[in-house]
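Quick notes on the structure that follows.
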Amino acid sequence: MKRLQTVQGAAPGGKPPAKLFVPENEREEVLNIYHDNKTSGHMGITKTVSNISKLLWWPTLRRDVKDYIAVCEVCSRQKSPKTAPIGLLQPLPIPERPWSHVAMDFIVDLPESRGNTVILTVIDRFSKMGHYVPLRKLPSAAELVPIFISNVVRIHGVPLEIVSDRGTQFISRFWRGFCKNVGIDLSFSSAYHPQTNGAAERANQNVEKYLRCFISEQQDNWSDLLPWAEYALNSAASESTGHSPFFAVYGFDPPVLPATFPDTTIPALDEQLASLKETWGRVRRALEESSAIQKTKADRHRRQ
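Here's what the structure looks like:
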């Protein structure tokens, strides 16, 4: 940013107020930071442009982002098949505030990472903010209650509603009894309309894509990557709202962390920062799916 301050006099016409002009010789570094960084997550064109344009500008920004992503090796390896999913979307009522209505799901059968093989996904249906909790195994209903309290209730309070599938944990008497006693309504997706829990399904797809971008050959470091995945996904602007989940909840965007760090006088810290830098150099994934697409738009690309 300090380097950019010195070249603002050379900015061409059309620069929006309060944004810094990026000269051509600095653009590749900016694209690296906002696309390849671990905190950026190899997002797609729209989200990358949105993140850059919060502070920075140059005339060919969108075209340069498109060209940069087109040759990104990490993104090309992670492209999803384009087969249309089965079933039309079953939209739920839109909540009026953050964390009043949440969706929950599990990602299971993962390679063991620090003893963990499962991810609990919890999504706020209003802001699309997510929490991703590594677990050693699929929990029972009795085990799920303290996990939910520690990772959701402690931070956001008790929600009014939880949407989930009909997994054994969610339909058990224990879980139903807990939710009834604390005032949570339960809604369930069905085998005929699993898209009712679309927020959690999309979140699962996005975090899996992110992890594939960063994971080691042994596939045993995904537990360490989960906090960065959560940071990146919650920092990315939604195509439907134009705001990141973080902004929708807190009213401001978190910073994009630097691609490099200055040396410190602490060898152990230098080693950890160097490891972060090495990891960040491999990352950032195109996650261009909108978290809240209108039903009519989505159904045109689906089959019954």
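In the UniProt record's numbering, the protein residues as written are 1 to 304. Note that beta-carbon positions come from the ideal geometry of N, C-alpha and C, so glycine has one too.
The alpha carbon of ALA141 has as its nearest neighbour, out of MET129, GLY157, HIS131 and PHE106, the alpha carbon of PHE106.
Inter-segment contact for the region 96–113 and the region 58–72 is absent: fewer than three beta-carbon pairs are separated by less than 8 Å. Per the C-alpha coordinates, the member of ARG202, ALA11 and SER223 positioned closest to GLY130 is ARG202. Using a Cβ-Cβ distance cut-off of 8 Å, the region 232–248 and the region 152–166 are not in contact, since fewer than three pairs of beta carbons, one from each stretch, lie closer than that value.
For SER76, the three-state secondary structure derived from DSSP is helix. Here THR121 is buried. Its C-beta has 16 or more other C-beta atoms within 10 Å. Put simply, the backbone Cα of TYR68 is about 26 Å away from that of TRP222. For SER50, the enclosing alpha helix (DSSP H) has its first and last residue at 45–52. DSSP places GLU161 in the uninterrupted beta strand (DSSP E) bounded by 161–164. Residue burial is scored here from C-beta neighbours: ALA18 has fewer than 16 other C-beta atoms within 10 angstroms and is therefore classed as exposed. Sequence-distant partners of TRP58 (beyond 5 residues in either direction) whose C-beta falls short of 7 Å from its own C-beta, in its chain, are PHE21, VAL22 and ARG27. Annotation note: the UniProt domain "Integrase catalytic" (94–253) contains the following uninterrupted beta strand (DSSP E) runs of length 3 or greater, listed N- to C-terminal: 101–107, 118–124, 130–135, 161–164 and 185–188. For LEU31, the secondary structure class from DSSP, reduced to helix, strand or coil, is helix. LEU56 has LEU20 as its beta-bridge partners, per DSSP. Of VAL133, GLY167, ASP36 and ILE162, the smallest CA-CA separation from HIS101 is found for ILE162. Taking GLY115 as the centre and dropping the five residues before and after it, the same chain places the C-beta of ARG136 closer than 6 Å to its C-beta, in chain order.
By the C-beta density criterion, ALA248 is buried, having at least 16 other C-beta atoms within 10 angstroms. In this structure, ASP220 lies away from SER76, with their beta-carbon atoms at least 8 Å apart. In this structure, the alpha-carbon of SER53 lies about 40 Å from that of ILE184.
In this structure, CYS213 lies near HIS42, with their beta-carbon atoms less than 8 Å apart. The continuous alpha helix (DSSP H) containing ILE69 extends over residues 61–70.
No Cβ-Cβ contact shorter than 8 Å links SER189 with ASP224.
With a contact defined as Cβ atoms closer than 8 Å, ALA200 and MET104 qualify at about 6 Å.
Inclusion of PRO255 and SER127 in the CB contact set at 8 Å is not warranted, their separation being larger than that value.
In the structure shown, ASN37 falls within a coil segment according to DSSP collapsed to helix, strand and coil.
It is roughly 28 Å from the alpha-carbon of LEU55 to the alpha-carbon of ILE123. Shown here for LYS15: same chain residues with a beta carbon closer than 7 Å to its own, the five before and five after excluded, namely PHE21 and TRP57 in chain order.
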